[in-house]
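Sequential numbering of the sequence shown, starting at 65, is according to our numbering.
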Amino acid sequence: MKQEEAKKKKEEPAVKDKKTNKTGKAKRQKALPLKIYLIALIEMLAAPCVCFLCIFLREGFSRYACFSAGAVLVTAAFALCVKISEYPQMPYGNSTHPVRNAICFFALCLIALSTGFLPEFAVPLSSACFIYMVLTSLKTGLSHALLFTTMAMCSLGEGSWFFIYYFLGTLILCYMYSRAEDFERMVLPACVFALYRVVLFVFISFCLNTGLTPQLIIAAAGGLIAELVVILIGVYRLRQDVVNRLKLKLSEICDPEYRLLKELREESREEFFRAVHTAYLCNLCAKKIGADTMLTRALGYFHRIGVLRGDNMNIAQKTLSIALENGFEPELVGLIREYWEISAHKLSKEASIAILCDDVVHTIMDRFTTSNNVNYNNIISETMEFYTQYKRFSISDLSLKDIGDIEKCLKGEKLYYDFLR
């Protein structure tokens, strides 16, 4: 009975025609574009080649040059595997910029190999690797930092202390900026990084009996200043152009006066109010359980935007088509695919919240058409009970605690539901 009632309450995302199911299977089987594999292969082969060439130009042909090229090739293969596995989940829409990432890769190769021709400690390699991490993903950035540091070490012909000096610095930067909110701070990470560099330089100079010369001190100081400049400028620009780009785009389309929402209001005031109220509840529930509030709210607004294309038939494909035609951010398009079960990914918290909130809103609006006496708590309890037993929610990222928190959040909005009359 509950399953039949749920189907009447809304077009269940899991219920699609055969054509849509076939599309979903095609999406599941679809691999990355060939261009991605080709670029990655070129990067993997180019890294050992340019490393060998660098050593050859400096020292001529030697066993060390061959050994270094082999070590770099193995490290590059590892970095390639990590990059390919991470590619579909890269944050901030980085997976849509393969050419940009490739240019950054080759620029970092040149920066790493320049250590063989410049004074020690003078190259800002850690900060450059950190920027590459932001432009790809955390795991991809760290694996490539391993590659670039290995290339620099082989190019200069130094030992493990040189590797630790740069790679550990990259680790510190990457983990201090591993979340989007970390980009709001600049001074503390820069101070921690500078302190680490100074302490390690003193340790290398005095404890490892390295000859401390004025030239070495000047080179290390210049390298540290260059690193800090790249970090401070890079964090500011990355925060504006990469990290906050999604937030700014979503803020723009989540305005009720946004073009598509105005069209929806003119097409159907019922659908418009359903979207507005769903988005409001999505925002509250996402904040309650720590999901992405902006993405969840945007999904609440646009999960049924396909009704602009006419009737209620095949809303899933119409919604996805409108989202793609209007250049919606890849993260939001991915949630639309999840919501309508057009992708094979697990059901994210954001998509799960939108399903629950839309069902509650639509059910209450539907009940008000036949009666003015609606028990909000019963509707919310029935909806939550149905979805906790629903097979599709077994792959949802929502925990039982999250579902309980969402239920409490929804029941706490009793006065708000009067607006659904």
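Idealized CB from N, CA, C, for every residue including glycine. Predicted model only: the values in this text are computed from it and were never measured.
For residue j and residue i, the rounded distance between their alpha carbons
i	j	result
Gln453	Ile459	12 angstroms
Phe194	His426	46 angstroms
Ser445	Asn390	37 angstroms
Arg301	Ala339	34 angstroms
Tyr128	Phe181	17 angstroms
Asp482	Thr342	14 angstroms
Cys318	Tyr365	7 angstroms
Glu248	Tyr156	16 angstroms
Glu334	Asn436	17 angstroms
Ala171	Pro188	12 angstroms
Pro152	Ala418	22 angstroms
Phe131	Gly221	12 angstroms
Phe185	Cys115	19 angstroms
Leu210	Asn439	59 angstroms
Gly398	Leu259	41 angstroms
Ala216	Ile289	19 angstroms
Ile386	Arg373	9 angstroms
Leu464	Ile470	10 angstroms
Leu174	Leu396	36 angstroms
Phe392	Ala362	10 angstroms
Asp461	Leu177	44 angstroms
Asn378	Val256	54 angstroms
Leu310	Val293	26 angstroms
Where residue i sits in the DSSP three-state scheme
i	result
Leu479	coil
Pro278	helix
Pro152	helix
Asn441	helix
Tyr239	helix
Phe392	coil
Met162	Reading off the sequence, residue 162 comes out as Pro, not Met. Correct three-state label for Pro162: helix.
Pro112	helix
Ile406	coil
His367	coil
Cys469	The question names Cys, but residue 469 in the sequence shown is Asp. Here Asp469 sits in helix by DSSP.
Lys80	Per-residue confidence for Lys80 stands at a pLDDT of 37, beneath the threshold of 50, marking its modelled position as unreliable; the derived number appears in the next sentence. Coil at Lys80, not helix or strand.
Ala290	helix
Pro253	helix
Phe181	coil
Glu321	coil
Phe337	helix
Tyr128	helix
Met377	coil
Residue i classed as buried or exposed, judged by whether at least 16 other C-beta atoms fall within 10 angstroms
i	result
Cys113	exposed
Lys472	exposed
Leu144	buried
Tyr451	buried
Thr204	buried
Thr434	exposed
Asp423	buried
Glu330	exposed
Glu123	exposed
Asp466	buried
Thr160	exposed
Ile369	buried
Val371	buried
Lys382	buried
Arg401	buried
Lys486	Outside the displayed span of the chain (65 to 485) sits residue 486, for which this structure offers no information.
Gly287	buried
Same chain only: Cβ atoms within 6 angstroms of residue i, ignoring 5 sequence neighbours per side
i	result
Met240	Pro253
Lys475	Asn441, Ile444
Phe457	Tyr451
Thr179	Val187, Ala216, Ser219, Leu220
Phe499	Given that the chain is displayed from residue 65 to residue 485, the structure contains no residue 499 and the question cannot be resolved.
Beta bridge counterpart(s) of residue i as assigned by DSSP
i	result
Leu411	Ser460
Contacting residues, own chain, Cβ-Cβ under 8 angstroms from residue i (five flanking each side not counted)
i	result
Glu316	Tyr322
Gln279	Pro183
Val307	Tyr156, Val198, Ala244, Phe247
Thr496	Residue numbering for the chain in the displayed model covers 65 to 485; residue 496 lies beyond these limits and cannot be assessed.
Thr200	Lys147, Glu150, Met154, Asn158, Asn165, His208
Pro394	Gly157, Ser159, Thr160
Ala110	Phe170, Cys173
Leu328	Glu335, Phe336, Ala339, Ile369, Val371, Leu372
Chain-order list of residues whose beta-carbon lies under 7 angstroms from that of residue i (same chain, five-residue window excluded)
i	result
Leu264	Tyr229
Phe142	Ser207
Cys421	Thr342, Leu345, Cys346, Cys349, Gly364
Cys238	Phe194, Met197, Leu202, Gly205, Leu206
Thr357	Asn347, Ala350, Lys351
Ser269	Leu276
Ser190	Tyr230, Gly233, Thr234, Leu237, Glu291
Ile353	Lys413, Asp466, Asp469, Ile470
Any non-hydrogen atom of the ligand SAH within 7 angstroms of residue i CB
i	result
Phe457	By its list of ligands, the structure shown contains no ligand whatsoever, and the ligand SAH lies outside what it can speak to.
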